[in-house]
Each structure stands twice: as structure tokens, then as C-alpha cells.
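K.L.:
In the numbering used here, the protein residues as written are 232 to 1105. Got a structure for you, written out below as C-alpha cells; questions coming shortly.
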Amino acid sequence: MKSAKEMTLKEKIGQLFFFGFPGNELSPEIIALIEEYKLGNIILFARNIKTPRQLFELNKEIHDRISRATGIMPLIAIDQEGGMVTRIMNGVTFPPGNMTMAATDREMAYRVGKIVGEELRALGINMNLAPVLDVNNNPDNPVIGVRSFSDDPETVARFGLEYIRGLQGAGIIATGKHFPGHGDTALDSHYALPVIGHDKDRLDRVELYPFRRAIENNIDAIMSAHVIFPAYENGELPATLSEKVLTGLLRGELGFGGLIVSDCMEMKAIDDHFTAPRGALAGLLAGLDMVFISHAPEKQRAALELLTATVESGEFPLSLLDEKAERILRYKEKIYPTIKEHFYNRDYDAATAVLTSSEHRNTAAAVVDASLTKVKGKDFRPVGKTLVIAPDPRAVTIAEDKVAALSITDAVRHSGLPYDVVKIERNIASDTIDEIVSRARDYQTVVICTWNAASTGQAELARKLYRACADLYVISTRNPYDIFAFPEIDNYLCLYEYTPNSVATLLKYLKGEIYPSGKLPVRLWRPPKIGASLYVGLPDYALEKNIEYLRLLKRHGIDRIFISGHMPEMKAGFEGELREIVSVANDLGMKVILDISPAAFSKITLPPIYALRLDYGFSREEIVRLANEADYRIELNASTISEEDLRYLLNRGTRPERLRISHNFYPKPYTGLSHEEVLKKNLAFRKYGFKVAAFIPSQVNKRPPLYEGLPTVEDHRRMPLLAALSEVAGLELDEIYFGDAYVGEDELAAALAYDGKTVYVPLALYPGITDNEKAMLLREHRNRLDATPYFIRSSVRSRDAAIKPRNTVARGLCEVTVDNELFGRYQGEVAIMTSDLPADRRVNVVGKAIVTDFAINEIRKGKKFKFILTGENS
């Protein structure tokens, strides 16, 4: 191959681009760009692939044309992620996706990466735009989801590194994406420009962690995200165009020396805001080495011409162009010998031996089999007549291609199993749902396979089947978060893709040939939405101050507000203030829930609200009428509604999505509910598919005249906020509202940031605490898996700082201890007593945890815990 010094200006510029083209043959437009502009690299999609032989011959032509035109081997890139993003589907091993692999063992990620690398290499493809290293910590993410390994950064890193090792070991350039992280967004950058607003500390701990580990392990390439990160870039530039992100953070702070490539510049996040050609230029100036423009020839040509003009004018320094071209050549030279050996010097018969490897196929099938995960309930044991209900696969994002798979219903029909089947649309009409449920009543066992059941039709069908069928199994065939749409389901299993391999796995399970052995790669816990409260018509809550507070809430991302409309203390004529507050809230895009009594309801003209909370006194018939006729949703009082009432409402045709339920708050001390009572009620409500809300108090501003806080759970009244949130996380709640108004900004930020992974335990320290003891207490702890009934035993110890014996007295319930140096290798071990124990000269008693049995049980389930130090206690 040529050296950088031998290259012309056109050849250097051509090296910086990957272009795509339509069809199974090189288009006249792409040939012209190769010949005239010395285009150096190509990206392939499913549209370019008909058969493995055709792809092999196409890649021979691409290599030949570009090598003759430029004197340099091209990079041919593809998104062969596996699972739902798989471009080559037929005649090769269908690779499992990331979340499928993460449900098994990380050695499987290495083996799959190696298989993908060997098969791409045999076909002449030398760059894979994989793996996804995004941490999928937002269940509502529409574009990443199962393309991620996990919602845990360490898990993403572990599996990602193994996949990279396998792929790069086969001589293929691996590409980690989408830097600095596309996991925590609810927008798809194919259609919009997302913003991830976390601070640098959070981004460093979570989003950046897998990329940092990949860089430490010499990943070849990293792809940027079309996402705005205000923590790094004060303006409105996405990471792809940000010098601070690409050059300052990725090259500088993280020390990445490999190829930095863009996502496609024709995605709307770039094209709609900057245009693809100008975005390409801006990205290259900011720090990109290579740019993808995958579709439109006119945009491809315009980008080449724009870069050429800016280099010739001096706006784009020639030294910068040389630096990028030299880096690209280094990586081409690195992989050239492998491509020469396994592609240039071999014919298609040699490639066929690799592509049809039974070892490859068996490995892929074994990975998917091992990924089948039982989340809850019992294993499938059909009783009597059995019905299987399932949709066909389809692409749900632009990143995906429709998978050429045998549908589940067709597979079951031809399997020899004595089961009936019903094929459904992804979003089913109400009348069809009723027909299917009516038919399902004739079967003793029903299986429904869901496909992104966030669609209301599938969710409604699953809920109605649950109420109608004695023995129901739900199996998600793509998105494990489907359970959020029907949390009441008893038997729930997960597959993480709808592909030929997963259809085969499902058949094996239905035949009793395999059993679920996978582990969930994500937590099936959705953070409750955070809301706030406002009070009108009261002297302490002036209209102007209320409006100012609404705007503060909106700035923090709070989008729902609770207002009481029937407090006895409210002044006459409060309706005017209420109407103005609701108007401002609506203008801000906030949802207003108005609490009303029957007496107040009869007198008030309602402003446009999101939901009306009915206090005690409304009849069943009034609730049915309002739920079926009103423009707003109806929120029921958890303290006064019974399961019998709920069944009555549903039997009268009231749709569950029109109803909500919320608990009361309790201003008077010692009148609040217990955790157990709240959880019991919430589980009962969840059986019917209802969303449930409750209240927590502020510890900064408490509502007059009692100033005692406004909690649902009595124990939360004076509890530090993070400790209360820790307990709320286990109460099966969908929404949490601050009962008190004018909550502090720090409290709002803490509530919004809480992720439910850690239980916070208030700890009153005893006098004489040492720095070494305090250092141990302030660390993050986890209860050991081999738990003892006598205390919560942290898995953290100290091998560094000596902890001297002191206060080695008898240990009481809820006291916290730190083992001292006399305990040898156990020095520094922290424990929370769950029973009284005698004194031990090897154990220092350092304080008392202000902790409930409910929190202890949450820790015992495996959650991490941290102490909140609240001062000394004598």
C-alpha cells in the first residue's frame, strides 16, 4: 500500500469518508466517487446483500476498484452487531445480540466476537461497527435497549472487552459505540437530537466506564454519539461535532490513540440541524478521523467538495489532514496481512468452509439457549389444551433490519407440538383483543410472546389474558422491560431477540428440551416518576411564589404537580388562583392532578387538568361515568378503594389506562401508614394493571401549620430523603410526590438522580469515632451472599489502615460495628446488628443505624448500602 507521503490531496481526503450505496452491485454514483474523488472506504447494509457468494464477489470488486484507484486497501464496514442489528442474515452464522450474550457467560462474548470476525474476514469485510458500549440505564431508550449488554457499566465493560478481544483477534477493526454514551436517553438520534444532562462525575462513573476500559485494552476505533452533553459542551453541539468531547475528552483525558469515527451524518440529529456535509466538516475539525454518509450521493459529493475547498483555502489545516490520513493508514496496515491471507488469496469455496461451520452455528445456538431467563413464576408445564399467541418480527428502529426469521406461530405450527396458535399484529385493535381473550378461555394453558409490549395493544391483551386464563405464561422476545406494561403477570420469561436462533430456543423450551438458565442483564425496576405539590388559596402560598416554584420544578425536569382543591383553610375565591396556576403548568407542559371532594366538585368549574383525584364520597356509578366520559383521567384514593370496587369498575367497561390510584399523605404525626400496608395495597392494585402514587415529605420546607411533613409512610416523616427514597424503591410505586411544597433544589436533584440500586442508612455515630473507622463506614457496602441471620455483613474489608480496639461492648439491635485489628484478616469489616450479641474484644461498636425492618430486608435482597452519618450519639 502507499504511504501517506505518496498520497495526493484527493487520496488523503477520500480516506476520511465511508459512503454507502443502494443495491447488490456498485452503483454508477459510487463508482464515480471512487474514480473521481478517490473515495477510500465503503459501508454495507442489508440492502447490499443478497447471498454470501454475491457479497463475496461484491467485496472483491470494492477492494479491487478502490485499491486500483487509490493504491490503498479500503475499509469495508458493516453493523454486524448481532441480534436485532444484523446485516448479513442468510448463509452465515446468525450472531446473538449483546443482551443475549450478557445473560450468559462472558466467555461466550469472546467466542461470538471471534466467530463474527472470522466470517466477516472470509467475506472481505474488515471493520465491524460493534460492539455497542452504551450503558442502557434508561428502560425507555428507543434505539439502544437490547443492543446494549446491560444497565450496569461494569457488566458492559466485561462483556464488551471479551467481544472486542474475539473480533480484533480475528484481524477485524472493532468499533465501540456511541461515545460518550447513548444509553440514558428516551430519544432516537436517527430522528431527533437527544440531550443527556448528567454532570461529569456521573458520566465518568457510568457512561464513560466501558469506553475507558476498552481504551485501556487497545480497542481500534470508537464511534461518536449524536447526543448533546452539556457537562462537556456548553453550546448546542452534539458529541460528534464537539472538540471538547472528541479532542479534549476522548483524545486528551482518556488518551485514545485509535480511529474516531462518526455515526451516519444523515441521521436527523445532524442532518436536520447542520446538514450532513457541514456536519462532516465540523466533525472532522472537532476531532473525527472518519465520517459516514450512508445514503444520498448528492450529500456524499457535497461533503467531499466542501472538505476539498476548506483544505485548499487553509481553513482546514493540511497538517490536520495528514495526521488523520496517517492514522487511518496505520490501522489499514495493521489488518492488511490478515485480509490478504484470508480474503485476497482465497476463493469463495474457502470462504464457504468458514461461513457454514457447524461449530459456529452450534455455538450461536447454545448462547441463545443459555440466555433464556425466567424472571418470575414457574417453568412451562402445559396442562390440557394449549394456545400460543405471538407477533411476527419486524424492525423497530432505523438501526435495525427486519429479521428474516421463521415466525414463532409458523414454527410452532410446523413443530409437531399439539398446540394451537394465534398470530397477532404488534399493536392490536380492541375488538381483536376481545376476540382472542374469548377464544383463550377455552384453553387450560396460554402462552403469549410479546414484542416491545410498550404498544398499548399487546399490553392490554396480556393484562386481559391474565384475568381470563388460569395458567398464563408471558415470554418477551426482545425487550425485557415488557413486564413494566403488565407487572401483575405471575409467569414471565425473557429472550432478548426475535431471530432464527431464538425461535429455535423457544421451540426447545415449549417441548421441554431446555430450561431457563439465563441471568437478567438489567434490573427490571423503573425509577418512580418524581412529582411535587402546590397549595392555592392559603396565606403561605402566594400566587407569584407558586408560579415561580412551578418554573423551578420545570427547570429540574419535574413534569407533574399535585394540587388540593378542597382544604377547609382555603380562602373563598381560590378558583381564580387555581385556574391561573393550572394555565401556567399547562403552558410549561406539566401534568396537573387535582384532588377534589364531592362537595367541592359540585361547586367548581374544572380547568383543563391531567387527572382528577376523587376523595372519599364518590359513588361507584359516578366513578364509572367520569372515567368513561371525562376528558381527564380519574385518580382513586388508595385508602378508600377496594379490590371489589376495582373489579366492579373494570366489569363496567372502564379501561385501566383511564384510572390511577394514589395514597393519602398524613399531616398529623403517627397517623401515617406502615410499609407493609402500603406494599400490600400496591401489590393488589398492580394485579389489575393500575399505576400507583404516594407521597414523601420534604426535610427542608414543611407545610404549615403543623410543620410535620406530609408522608404516606409514617417512618419517612423525619427520615433523611435518600433513606426514604431507598424504602420507596421497594414499595412497587410508579410515582412519588413531595407532599410539602417549595422543596429545596438539592432535594429535587437527589430525588431525580436516585436510581434504586443503593439503600441509604442513617447512622448516629457514638463518641470517639476514629478516622479509619469513619473511612470504612463511608465506603459503599454490599451484604455478603453467604448471609448470616445475626447481622448484615458487609463484603468490604480494610487491609491498609489499622483499626485499634475500642468500645468493644455488647452489641445491640441495629448497632453498627467495625472489626478491629485483633480480628486479623477480617479487620475493617462493617456490620449492622439484626440481633443482640455479646461483647467481643475484636469488634468495635461505632454507632446506631436508624433503620427499619423494611430497609434491612431490601439490603438482604442484595442491594448495596451506604451510611448517612448523622452526628454523634452518646
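Glycine residues also receive a C-beta, built at the ideal position from the N, C-alpha and C atoms. Computed from a prediction, not measured in an experiment: that's the story for all the values here.
#1: Between which residues of its own chain and isoleucine 375 is the CB-CB distance below 7 Å, once the five residues before and five after are set aside?
#2: Rounding to the nearest angstrom, what Cα-Cα distance links alanine 263 and alanine 401 in this structure?
#3: If we call anything under 8 Å between Cβ atoms a contact, is cysteine 1045 one with valine 1082?
#4: What does DSSP give as the partner residues of aspartate 651 in its beta bridges?
#5: Identify the continuous alpha helix (DSSP H) that holds serine 1138 and give its terminal residues.
#6: For a test of the three-state rule: what should DSSP assign to asparagine 859, helix, strand or coil?
#7: Quick check: what's the CA-CA separation for alanine 635 versus serine 258?
#8: Mind checking which residues open and close the alpha helix (DSSP H) that includes leucine 809?
#9: For valine 678, write down the residues that DSSP places opposite it in a beta bridge.
#10: Between the Cα of aspartate 641 and the Cα atoms of Lys1035, Tyr575, Leu738, Val585, which residue gives the shortest distance?
#11: Could you check whether the stretch 436-451 touches the stretch 473-489, counting it as contact only if at least three pairs of C-beta atoms, one from each stretch, sit closer than 8 Å?
#12: Is the CB-CB distance between isoleucine 453 and phenylalanine 410 below 8 Å?
#13: Within 10 angstroms of the Cβ of arginine 561, are there 16 or more other Cβ atoms? Answer buried if so, exposed if not.
#14: Count the CB pairs spanning the stretch 381-394 and the stretch 751-762 that are closer than 8 Å, and state whether there are at least three.
#15: Can you give me the Cβ contacts of lysine 1097 inside the same chain, cut-off strictly under 6 Å, excluding the 5 residues immediately before and after it?
#16: Do you know whose CA, among Ala1086, Asp520, Asn369, lies nearest histidine 906's CA?
#17: Run through DSSP, which three-state label would isoleucine 1099 get?
#18: So what's histidine 1012 in DSSP terms, helix, strand or just coil?
#19: Would the stretch 241-249 and the stretch 528-539 be scored as touching if the rule is three or more Cβ pairs under 8 Å?
#20: Sorted by chain position, which residues of the same chain lie with C-beta nearer than 6 Å to alanine 982's C-beta, five sequence neighbours on each side aside?
#21: Could you check which residue in Arg934, His894, Leu937, Thr902 has the C-alpha nearest to that of valine 923?
#22: Do you know offhand how far isoleucine 274's Cα is from serine 525's?
#23: Can you give the Cα-Cα distance for valine 426 and threonine 416, rounded to whole angstroms?
#24: Can you name, in chain order, every residue of its own chain whose Cβ lies under 7 Å from the Cβ of valine 606, other than the five neighbours on each side?
#25: What are the boundary residues of the alpha helix (DSSP H) that histidine 906 is part of?
#26: Which same chain residues, not among the five before or five after asparagine 272, have their C-beta less than 6 Å away from its C-beta?
#27: Counting Cβ pairs, one atom from each stretch, are 3 or more of them under 8 Å apart for the stretch 883-891 and the stretch 927-942?
#28: Check whether the stretch 687-695 and the stretch 574-588 are in contact - that is, three or more C-beta pairs closer than 8 Å.
#29: For the alpha helix (DSSP H) holding histidine 591, just list the boundary residues, first then last.
#30: To the nearest angstrom, how far is the alpha carbon of leucine 240 from that of valine 542?
#31: Please state if the CB of glutamine 675 and the CB of lysine 616 are separated by a distance shorter than 8 Å.
#32: Which residue comes first and which comes last in the alpha helix (DSSP H) that contains glycine 514?
#33: Is the beta carbon of valine 734 less than 8 Å from the beta carbon of aspartate 702?
#34: Taking the alpha-carbon positions, what's the methionine 801 to glutamate 939 distance?
#35: Determine, using beta carbons only, whether glutamate 719 and glycine 920 come nearer to each other than 8 Å.
#36: Just confirm the distance between the C-beta atoms of glutamate 393 and tyrosine 341, as a whole number of angstroms; I'd bet it's less than 8 Å.
P.N.:
Taking the structure as given:
#1: Contacts found: Val363, Asp365, Asn367, His413, Gly414.
#2: Each residue's Cα considered, the two are about 32 Å apart.
#3: Against a cut-off of 8 Å, the Cβ pair of valine 1082 and cysteine 1045 comes out as a contact.
#4: According to DSSP, aspartate 651 shares a beta bridge with Leu618.
#5: Here the chain comprises residues numbered 232 to 1105, so residue 1138 is not present and cannot be evaluated.
#6: In the structure shown, asparagine 859 falls within a helical segment according to DSSP collapsed to helix, strand and coil.
#7: For alanine 635, the pLDDT reaches just 49, beneath the cut-off of 50, and the residue's location in the model is therefore unreliable, leaving the point undetermined.
#8: In the DSSP assignment, leucine 809 falls within the unbroken alpha helix (DSSP H) covering 805-818.
#9: Beta-bridge pairing links valine 678 to Val619, Tyr704.
#10: Ranking the options by Cα distance to aspartate 641, first place goes to Leu738.
#11: By the Cβ rule, the stretch 436-451 counts as touching the stretch 473-489, because three or more pairs are nearer than 8 Å.
#12: Their beta carbons are under 8 Å apart, which means isoleucine 453 touches phenylalanine 410 by this criterion.
#13: Counting other Cβ atoms within 10 Å of its Cβ, arginine 561 stays below 16 and is therefore classed as exposed.
#14: Using a C-beta cut-off of 8 Å, the stretch 381-394 makes contact with the stretch 751-762, since at least three inter-stretch Cβ pairs fall below that distance.
#15: If we look at lysine 1097 and ignore the five residues flanking it on each side, its Cβ neighbours are Thr989, Tyr991, Glu1011.
#16: Residue Ala1086 is the option with its Cα nearest to histidine 906.
#17: Three-state result, isoleucine 1099: strand.
#18: In the structure shown, histidine 1012 falls within a strand segment according to DSSP collapsed to helix, strand and coil.
#19: Using a Cβ-Cβ distance cut-off of 8 Å, the stretch 241-249 and the stretch 528-539 are in contact, since at least three pairs of beta carbons, one from each stretch, lie closer than that value.
#20: If we look at alanine 982 and ignore the five residues flanking it on each side, its Cβ neighbours are Ile761.
#21: For the residues Arg934, His894, Leu937, Thr902, the minimum Cα distance to valine 923 belongs to His894.
#22: Their Cα atoms are separated by approximately 7 Å.
#23: If you take the alpha carbons of valine 426 and threonine 416, they lie about 7 Å apart.
#24: Apart from sequence neighbours up to five positions away, the residues of its chain that approach valine 606 with a beta-carbon distance below 7 Å are Ile714, Tyr723, Leu724, Cys725, Leu751, Leu755, ordered along the chain.
#25: Segment 906-917, the alpha helix (DSSP H) holding histidine 906.
#26: These residues qualify, in order along the chain: Phe249, Pro305, Leu306.
#27: No: fewer than three Cβ pairs fall under 8 Å.
#28: By the Cβ rule, the stretch 687-695 does not count as touching the stretch 574-588, because fewer than three pairs are nearer than 8 Å.
#29: Under the DSSP assignment, histidine 591 falls in the alpha helix (DSSP H) whose first and last residues are 589-602.
#30: If you take the alpha carbons of leucine 240 and valine 542, they lie about 9 Å apart.
#31: Pairing lysine 616 with glutamine 675 gives a Cβ-Cβ distance under 8 Å.
#32: Note, glycine 514: alpha helix (DSSP H), 507-517.
#33: Against a cut-off of 8 Å, the Cβ pair of aspartate 702 and valine 734 comes out as no contact.
#34: Rounded to whole angstroms, the gap between the alpha carbons of methionine 801 and glutamate 939 is 19 Å.
#35: For glutamate 719 and glycine 920, yes; Cβs fall inside 8 Å.
#36: Contact between glutamate 393 and tyrosine 341 holds, since their C-beta atoms are separated by about 4 Å, short of 8 Å.
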